[in-house]
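*Asks:*
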Amino acid sequence: MSSASNHEIHVDNSLSGLILKHTEVPVQKCYQCGKCSAGCPVVSEMDYPPSLILRMLQTGLPEMEEKVLRSYSIWLCLSCEQCISRCPMEIDIPKMMDYLRQVSYKKKMVNPRAKNIVRFHKAFLDSIRTTGRLSEFGLTVDYKLRSLKMMQDLTLVPSMISRGKLGFIPEMIKGTKEMAKIFAKTTGLKSEEEK
Amino acid sequence: MKLGIYPGCSLTGSARDYNESVFAIAKACDIQLEQVPDWNCCGATAAHNMNKELSLSLPARILAQAEKAGLTDIVIPCAACYSRLMVTQHELNNDPVLKNRISEIIEMDFKGTTNILNVVQMIDLYVSPVLKEKIVKNFSHKVACYYGCLMVRPYKVLQYDQHEDPQGMDNVIRLLGGTAIDWGYKVECCGAGLTMSKTEIVGMLSGKIVKDAARRGAQAIVVACPMCHSNLDMRRPAINEYIGEKMDIPVIYITQAIGLALGIDEKTLGLQRHFVPVKMAEYIPPVPESKKQKAKEPTNTI
Amino acid sequence: MSRIGVFVCHCGENISATVDVAKVAEEASKLPGVVHSVDYKYMCSDPGQTLVKEAIKEHNLTGVVVAACSPRMHEPTFRKACAQAGLNPYLSEMANVREHCSWVHEKSEQTTQKAFDVVRTMVSKASNNAALEPIKVPVTKRALVVGGGVAGIQAALDIANTGHKVILVERSPSIGGHMAQLSETFPTLDCSQCILTPRMVEVAQHPNITLYTHSEVESVDGFIGNFHVKIRKKARSLDEDLCTGCGLCTTKCPQKKIPSEFEQLLGTRPAIYTPFPQAVPNKPVIDRDNCTFYKTGKCKICEIVCPTKAIRFDQEDTILEVEIGAIVLATGFDVKHSDFFPEYGKGKYKDVIDGLQFERLASASGPTQGMIRRPSDGQIPKKIVFIACAGSRDPAKGIEYCSKICCMYTAKHAMLYKHKVHDGEAHVFYMDIRAGGKMYEEFVRRAIVEDHVNYTRGRVSTIYELDGKLIVKGADTLLGAQSVEIEADMVVLATAGVASEGSEDLAQKMHVSYDQHKFFAEAHPKLKPVETNTGGIFLAGACQTTRDIPDSVAMASGAAVKVAALFSSDLLTREPIVARVNRIPGPSHSTCVGCFLCQPVCPYQAIEREDIKDRAGNIIKSLARINEGLCQGCGTCVALCRSKSIDLLGYTDNQMHGEVLSVLEEAFV
Amino acid sequence: MEQFEPKLVAFVCNWCTYAGADLTGTSRIKYATNVRIIRFPCTGRIDFMLISKAFANGADGVIVSGCHPNDCHYTSGNFHARRRWMSFNAMLTFMGIDPDRIIFSWVSAAEGAKWADVVNQSVEQIRKLGPFTEYQKLVQSGIEEENFNG
Ligand SMILES: Cc1cc2nc3c(=O)[nH]c(=O)nc-3n(C[C@H](O)[C@H](O)[C@H](O)COP(=O)(O)OP(=O)(O)OC[C@H]3O[C@@H](n4cnc5c(N)ncnc54)[C@H](O)[C@@H]3O)c2cc1C
Ligand SMILES: Cc1cc2nc3c(=O)[nH]c(=O)nc-3n(C[C@H](O)[C@H](O)[C@H](O)COP(=O)(O)OP(=O)(O)OC[C@H]3O[C@@H](n4cnc5c(N)ncnc54)[C@H](O)[C@@H]3O)c2cc1C
Ligand code: SF4
Ligand code: SF4
Ligand code: SF4
Ligand code: SF4
Ligand code: SF4
Ligand code: SF4
Ligand code: SF4
Ligand code: SF4
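Residue numbers (my numbering), protein chains in the order written: chain A, 35 to 229; chain B, 2 to 303; chain C, 530 to 1198; chain D, -8 to 141.
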């Protein structure tokens, strides 16, 4: 009966408790049907399929939580929302993944294989922080520098230019100051971001 | 008819072709598109991967700018931006505390009243009704309409009830005189967010999509998102590597398909900018080597 | 001054764990009118009741308050105890300190305070109580059974065999319900029709049963023992007395391609049809929406070929009015169809079918004569995927409960398929296997071990079609949620069982409660599973929740016994909770001013007009009078009467005002 | 400062809400202790005089709850009740009672969880409104009524 489902879910200090507190995603509601994993487009590349991540969190065991935070899966998730759109319990896995990434990043537990993903995201954000809009060229170069993947995609550059698909000069918006403020307010100290 | 438009970063860069075709068909159908003044990047996947407040503030500023400019309806051609802005408006409208907090961050008043349209919704409302009389050449191709993830999901926020089998673009193609096939990867993700950092994965995800469309005899894949386009078009080398075979199926924007039917020349529509040449008439889909070709064996992930 | 005894129950620890029962008893003893107050471990136990009885005698009590569970649980128990001790049973009250207090609050002073407040309120009520005498009303000894599935059939036969008359009303043209559609039944795999059709014939031939098929209940008035029911007999478009059931009309009707409801749309039927060959009654009905004559005015072939001239195109619905003493609801359930599931194609793929469709494919009398053939091209599928919990246990898009029968019928389906197609592969995706029942687990094991049905624990994410195959994408959660992709020829969804269409409507007509899923609500989940909250209306079968055949039949027999018990005496004893218009001596007779505003609000037409005449026979005054046989004690008239001339026994103005005053008497903690 | 604990009286019908509140108990769902339940056969039986009496005697809020529309055990009692409350509302304002102090709700026998929600929300609502202090006026009008009733 529905009345039973009204019981409050207990929030504790486990990682799943924190997830519930910060994102309202109820990890304990997952009944391990595996439907999310069955439909996840990147599951074959993940070290733990999404439903397994949930199971590991459900145990509340510190070693499991650490495995989750150090996993490659949380960085691979594309936020494609396929899993939640089919989950019978409507567990917002992408939202949870967002949170796990942030914790993993803060705790410096990013999976080595995911370093480039993080570098890309940072390059992306830096690009818009300074100009307000994304300079795809700047982003590419910046990312290449950070990831030292100089050769990858380099072949693309000339053909992109010839197709008019890559501009060299970043577009500047007028409100760059406002942008800087937004970044400062949401990401805390500027210097930390600079690092 | 006047509408606001939020082009987003890629339409001014890698998706210039998309931008051109959006404006071309808008012009042909007497729709004036006015840019949101001094718009900024929506933050895309990077922002919400890394920082929640940032991921809400960036779109909120865009919407507040539109509100300030009196743009009540804005069309967002990029599905990724569309999804970010829709989600932001939804979240903030449902959480007054958060709304205040974000308004403070962006130092602007955010009301959350904008009517946000994706390209297909714009076409439905303002283009389709006048299409019949304007078509000069039937778009008589068999195509696979690809929606990807962000145009239909999260379906409860986007209010998209046919999220498993969307029909928006399919209907437009039919209106244009073409055929839209039923296929298996309509709403599967192409890997947008990983396009630079994990190109091989994008090759796999996009490869599955391209392969399914081609083997079902589609002459082109029709998309409505710059991310989808660049992954299926520009990333073709990675795709070919994944499939182990050269795939020639072109990828066009829905706006380009409409433009062609309206008799707008290919250059105005930006077709020359594609990596995979758009020669639909000449393109013959490959016959699957054997009908019984096995799908990729399930992979063990442990 | 009243002499009231208070008895505070611990209910083991159910109450005493959060309420200081000793303190409540202690405080209660200080209340005005209370002469005796104790607490005890289990008040409803024999010694507990004895405690009450002895106190009544010893302290000469004029009222009893038992502070324990809900009166809906044990009020009758303690009333009976009082009666046995010689106290009028309506002088006892229960203070609900368990369901409304100890179970819903944490242990605290407030909780104890609340318990005491409740006790004080009931003491006040008890001191205003008056002795009442139960009312006796006559019972009409004829039962109505609504719904002619296996549950309705069983209930009708059981009641009829006790010698009472039964009217069975079935909505469709034949009785039989879902069981008539089944191929073979778990866990014995006996043929469903072979066991059901003899029972159907028995119904048709039973001297005590009147069968109305193609009929529905139009309205229900009255109350236990005395229902007044209108039944709409929908026009069959033929004279049932003349029709011999020869079936000639059905073979000659030119409209042959109408999808058959009985075949779950996998077969066809003509416009004049019986749903299936063994239908009871074996008399056809014309489906007017699809008949050429009703649509175009031409045809009438059936009329021409009918040897007995039974066809009546101009027949109209008839309304029958009957007096009924008790009602059994047995309207069964429905299943969600495969077109419900977005991720499984929403009906786009012909070879994704639901369980009932599979039953028809597997049935020897079905559209494929029992050969498993897929609907799209008639091929025999070499690989079938069965998906359990399709829409069940899925609060997001379906229903949150477990449908209870699908694990079993899925195992049955897989088994039947393997028996029919020896080289076929059967895959089942499941989440848990729920096979609680005699020989059920053994049955599922047999499917897995002996028939090599491949069970995979995981849900299917999506299905799409490719080159005539259905690609089923699932995961194996027992292998770390590894992806499993199966190219199937056919997919069977074990779709959720839901309340039958129109349940809500029927519940409202009957004034019975229903749950949020529109299944009819039982009076008590454990102790009154076949009763409803409305006296005289009982439940049988899957209309209360999805259940299998053995459970449905058992419940039907239970309901039949309840009806038989009701019919076992000529007079029914009813609670004396009825309204009464005051009568006072003297010329004015009553404060009633005869406005009769109360008359139209009474849902039971229980308010009558009484003319007061003088000696000469002239009417001096008209007063309202309540017919106690009809009044059900809702109290609407009481609240409405402006001159406060009506009162409701058991809930009098005095009592209610007293309760309100005393509930607020002391400061809350 | 200590939190204000309002006193609420709930007037409920026997068939739906009383049973629903029983289910809250059987399901062990917790709710605020501030409410006292008074059982009526039907919401149709609930008289305004009883409600104003509750206010006059120190209640800070009143909950009236019965069967959902169309689900009344007695067919239509809840309809009549609803109709009468329409006019009752005006009277309340006249007597100086904030209509927000009365919470009308439908709770069926199957809605144990809803009952807990209704109580908790009502307690919150009344807590915000603060103690009900306008007894005086009420007591007078109550007395007048009683005189009228003889
Ligand atoms: C695919 C499938 C396979 C199954 N296999 C098995 C099995 O192998 N073994 C087993 O034990 N159980 C099985 N069951 C369960 C079985 O079908 C039910 O237990 C049984 O049918 C319940 O009987 P019932 O009489 O309560 O309801 P139903 O069979 O649903 O009958 C209800 C009847 O009431 C009628 N009705 C409905 N509304 C009204 C109305 N308003 N007025 C008048 N009449 C009305 C309907 O027309 C119908 O005739 C299976 C169920 C399904 C879906
Ligand atoms: C640990 C446990 C927990 C449970 N919890 C729940 C629950 O929470 N909810 C629920 O619904 N159900 C629960 N049950 C199930 C519940 O106990 C049974 O459904 C119920 O007791 C069955 O009642 P019964 O009368 O058929 O049998 P029993 O309770 O076994 O009663 C049979 C009686 O017959 C007597 N008897 C036996 N043989 C003879 C004889 N030859 N001559 C004379 N007398 C005889 C016995 O002494 C006994 O008194 C639980 C069961 C267990 C074991
Ligand atoms: S689909 Fe939902 S319930 Fe199922 S395993 Fe994934 S998260 Fe858990
Ligand atoms: S949102 Fe992430 S976890 Fe969910 S299906 Fe997409 S990639 Fe997989
Ligand atoms: S009377 Fe009620 S509360 Fe007391 S022991 Fe019996 S069931 Fe429990
Ligand atoms: S032909 Fe006449 S008698 Fe025979 S079944 Fe039809 S209606 Fe009945
Ligand atoms: S009149 Fe109607 S039912 Fe009769 S034969 Fe013609 S189509 Fe069939
Ligand atoms: S009976 Fe089995 S298949 Fe049906 S809902 Fe319950 S667990 Fe799922
Ligand atoms: S009982 Fe009351 S309402 Fe009814 S007629 Fe008499 S005065 Fe009027
Ligand atoms: S209490 Fe009044 S309104 Fe209700 S049934 Fe009895 S007479 Fe009719």
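Idealized CB from N, CA, C, for every residue including glycine. The model shown is predicted, which means the values in this text are computed figures rather than measured ones.
So residue 674 of chain C and residue 594 of chain C are supposed to be a Cβ contact under 8 Å. How far apart are they, rounded?
*Replies:* As a first step, residue 674 of chain C is located in the third sequence; it is residue number 145 there, counting from the start. As a first step, residue 594 of chain C is located in the third sequence; it is residue number 65 there, counting from the start. Actually they do not touch by this definition, with Cβ atoms about 42 Å apart.
*Asks:* Which of the three DSSP states, helix, strand or coil, is assigned to residue 51 of chain B?
*Replies:* Start at 1 with the first residue of the second sequence, and residue 51 of chain B comes out as number 50. Helix.
*Asks:* Helix, strand or coil: which one does DSSP assign to residue 104 of chain D?
*Replies:* For the purposes of this step, residue 104 of chain D is taken as residue 113 along the fourth sequence, with counting starting at 1. Helix, per DSSP.
*Asks:* Mind checking who residue 805 of chain C pairs with in its DSSP beta bridge?
*Replies:* Here residue 805 of chain C corresponds to residue number 276 of the third sequence, with the count starting at 1. Bridge partners of residue 805 of chain C: none, in fact.
*Asks:* Terminal residues of the continuous beta strand (DSSP E) containing residue 184 of chain B?
*Replies:* For this step, residue 184 of chain B is matched to residue 183 along the second sequence. Per DSSP, residue 184 of chain B belongs to no beta strand (DSSP E) and is neither H nor E.
*Asks:* Would you say residue 167 of chain A faces chain B, with C-beta separation under 7 Å as the test?
*Replies:* By 1-based counting over the first sequence, the position of residue 167 of chain A is 133. It does: the Cβ of residue 167 of chain A has a partner Cβ on chain B nearer than 7 Å.
*Asks:* Mind pulling the chain A residues with CB within less than 7 Å of residue 155 of chain B?
*Replies:* Locating residue 155 of chain B in the second sequence gives position 154, counting from the first residue. 115, 118 and 119, listed in chain order.
*Asks:* Given a cut-off of 7 Å, decide if residue 820 of chain C and residue 778 of chain C are closer than it, judged by their beta-carbon atoms.
*Replies:* Within the third sequence, numbered from 1, the residue matching residue 778 of chain C stands at position 249. Within the third sequence, numbered from 1, the residue matching residue 820 of chain C stands at position 291. No, they are not a contact pair.
*Asks:* With distance defined between alpha-carbon atoms, name the residue in C/580, C/1041 and C/1046 nearest to residue 1052 of chain C.
*Replies:* Start at 1 with the first residue of the third sequence, and residue 1052 of chain C comes out as number 523. For the residues C/580, C/1041 and C/1046, the minimum Cα distance to residue 1052 of chain C belongs to C/1041.
*Asks:* Identify, in the order they occur along the chain, each residue of the same chain with its Cβ nearer than 7 Å to the Cβ of residue 165 of chain B, setting aside the five sequence neighbours on each side.
*Replies:* For the purposes of this step, residue 165 of chain B is taken as the residue at position 164 of the second sequence. Within the same chain, residue 165 of chain B has close Cβ partners 188.
*Asks:* In angstroms with no decimal places, state the Cα-to-Cα distance between residue 57 of chain B and residue 190 of chain B.
*Replies:* Locating residue 57 of chain B in the second sequence gives position 56, where the first residue counts as 1. Locating residue 190 of chain B in the second sequence gives position 189, where the first residue counts as 1. For residue 57 of chain B and residue 190 of chain B, the distance between alpha carbons rounds to 23 Å.
*Asks:* Can you find a CB in chain A that lies within less than 7 Å of the CB of residue 549 of chain C?
*Replies:* Here residue 549 of chain C corresponds to residue number 20 of the third sequence, with the count starting at 1. False, the Cβ-Cβ gap to chain A never drops below 7 Å.
*Asks:* Would you list the residues sitting across from residue 547 of chain C in a DSSP beta bridge?
*Replies:* Along the third sequence, read from residue 1 onward, the residue named residue 547 of chain C stands at position 18. DSSP lists no partner for residue 547 of chain C.
*Asks:* Could you tell me which chain C residues have their CB closer than 8 Å to the CB of residue 86 of chain A, listed as they occur along the chain?
*Replies:* What you label residue 86 of chain A is simply residue 52 of the first sequence in a count that begins at 1. 1009 and 1010, listed in chain order.
*Asks:* Using the Cα positions of residue 1004 of chain C and residue 84 of chain A, report the straight-line distance between them to the nearest angstrom.
*Replies:* Residue numbering aside, residue 1004 of chain C sits at position 475 when the third sequence is read from its first letter. Residue numbering aside, residue 84 of chain A sits at position 50 when the first sequence is read from its first letter. Rounded to whole angstroms, residue 1004 of chain C to residue 84 of chain A spans 11 Å at the Cα level.
*Asks:* Determine the closest residue to residue 30 of chain D out of D/3, D/13 and D/92, with distance taken between C-alpha atoms.
*Replies:* By one-based count along the fourth sequence, residue 30 of chain D stands at place 39. Nearest C-alpha to residue 30 of chain D: D/3.
*Asks:* Between the Cα of residue 221 of chain A and those of A/140, A/72, A/97 and A/146, spot the shortest distance and give me the residue it belongs to.
*Replies:* Sequence index remark: in the first sequence, residue 221 of chain A carries index 187 (1-based). Taking only the C-alpha atoms, the option nearest residue 221 of chain A is A/140.
*Asks:* Is the CB-CB distance between residue 544 of chain C and residue 631 of chain C below 7 Å?
*Replies:* Start at 1 with the first residue of the third sequence, and residue 544 of chain C comes out as number 15. Start at 1 with the first residue of the third sequence, and residue 631 of chain C comes out as number 102. Against a cut-off of 7 Å, the Cβ pair of residue 631 of chain C and residue 544 of chain C comes out as a contact.
*Asks:* Return yes when the C-beta of residue 75 of chain D is under 6 Å from any heavy atom of ligand 8, and no when it is not.
*Replies:* Translated into positions along the fourth sequence, residue 75 of chain D becomes position 84. Not under cutoff, so the answer is no.
*Asks:* Tell me which residues of the region 1025 to 1051 of chain C have at least one Cβ-Cβ distance to chain D shorter than 7 Å, keeping chain order.
*Replies:* Of all residues in the region 1025 to 1051 of chain C, 1037, 1040, 1042, 1044, 1045 and 1050 have a Cβ within less than 7 Å of some Cβ in chain D.
*Asks:* Cβ closer than 8 Å: which chain C residues qualify as neighbours of residue 166 of chain B?
*Replies:* If you number the second sequence from 1, residue 166 of chain B lands on position 165. Neighbours of residue 166 of chain B on chain C, chain order: 871, 874, 875 and 877.
*Asks:* I'd like to know whether the C-beta atoms of residue 74 of chain B and residue 116 of chain B end up nearer to each other than 7 Å.
*Replies:* Your numbering for residue 74 of chain B matches position 73 in the second sequence. Your numbering for residue 116 of chain B matches position 115 in the second sequence. Contact: yes.
*Asks:* Which full runs of the alpha helix (DSSP H) of 4+ residues lie inside the region 152 to 178 of chain B, going along the chain?
*Replies:* Correct list: 156 to 159 and 169 to 176.
*Asks:* Cα-Cα, which of B/278, B/194 and B/123 is closest to residue 256 of chain B?
*Replies:* Translated into the one-based positions of the second sequence, residue 256 of chain B becomes position 255. With distances taken between Cα atoms, residue 256 of chain B lies closest to B/123.
*Asks:* Cβ atoms of residue 145 of chain A and residue 82 of chain A: under 7 Å apart, would you say?
*Replies:* Taking the first sequence and counting its residues from 1, one reaches residue 82 of chain A at position 48. Taking the first sequence and counting its residues from 1, one reaches residue 145 of chain A at position 111. Against a cut-off of 7 Å, the Cβ pair of residue 145 of chain A and residue 82 of chain A comes out as no contact.
*Asks:* In whole angstroms, give me the CA-to-CA distance for residue 123 of chain A and residue 997 of chain C.
*Replies:* For the purposes of this step, residue 123 of chain A is identified with residue 89 of the first sequence, where counting begins at 1. For the purposes of this step, residue 997 of chain C is identified with residue 468 of the third sequence, where counting begins at 1. In a straight line, the C-alpha of residue 123 of chain A is about 32 Å away from that of residue 997 of chain C.
*Asks:* Taking C-beta to C-beta, are residue 207 of chain A and residue 20 of chain B nearer than 7 Å?
*Replies:* Against the first sequence, residue 207 of chain A aligns to sequence position 173. Against the second sequence, residue 20 of chain B aligns to sequence position 19. Contact flag unset, no.
*Asks:* Taking 6 Å as the cut-off, is the C-beta of residue 116 of chain D nearer than that to any heavy atom in ligand 4?
*Replies:* As a working note, residue 116 of chain D is residue 125 in the fourth sequence. No, Cβ of residue 116 of chain D sits at least 6 Å from all heavy atoms of ligand 4.
*Asks:* Closer than 7 Å, CB to CB, is residue 208 of chain B near chain C or not?
*Replies:* Counting from one through the second sequence, the residue named residue 208 of chain B turns up at place 207. Closer than 7 Å: no.
*Asks:* I'd like to confirm the pairing. Which residues does DSSP put opposite residue 622 of chain C in its beta bridges?
*Replies:* As a first step, residue 622 of chain C is located in the third sequence; it is residue number 93 there, counting from the start. In the DSSP output, where bridge partners are listed per residue, residue 622 of chain C has C/594.
*Asks:* Of all Cβ atoms in chain C, is any one closer than 7 Å to the Cβ of residue 64 of chain D?
*Replies:* Residue numbering aside, residue 64 of chain D sits at position 73 when the fourth sequence is read from its first letter. Yes, residue 64 of chain D counts as interfacial toward chain C.
*Asks:* Under 6 Å from any heavy atom of ligand 1, does the C-beta of residue 15 of chain D make it?
*Replies:* For the purposes of this step, residue 15 of chain D is identified with residue 24 of the fourth sequence, where counting begins at 1. No, the beta carbon of residue 15 of chain D sits no closer than 6 Å to any heavy atom of ligand 1.
*Asks:* Any Cβ of chain C within less than 7 Å of the Cβ of residue 129 of chain A?
*Replies:* Translated into the one-based positions of the first sequence, residue 129 of chain A becomes position 95. Taking Cβ atoms only, chain C never reaches closer than 7 Å to residue 129 of chain A, which makes this a no.
*Asks:* Contact between the region 1137 to 1144 of chain C and the region 1164 to 1178 of chain C: three or more CB pairs below 8 Å?
*Replies:* They do not touch, by the three-pair rule.
*Asks:* By alpha-carbon positions, which one of B/128, B/108 and B/113 ends up nearest to residue 28 of chain B?
*Replies:* Taking the second sequence and counting its residues from 1, the one referred to as residue 28 of chain B is at position 27. The shortest C-alpha separation from residue 28 of chain B is found at B/128.
*Asks:* Check whether the region 987 to 996 of chain C and the region 939 to 953 of chain C are in contact - that is, three or more C-beta pairs closer than 8 Å.
*Replies:* Flag = no, the region 987 to 996 of chain C and the region 939 to 953 of chain C do not touch.
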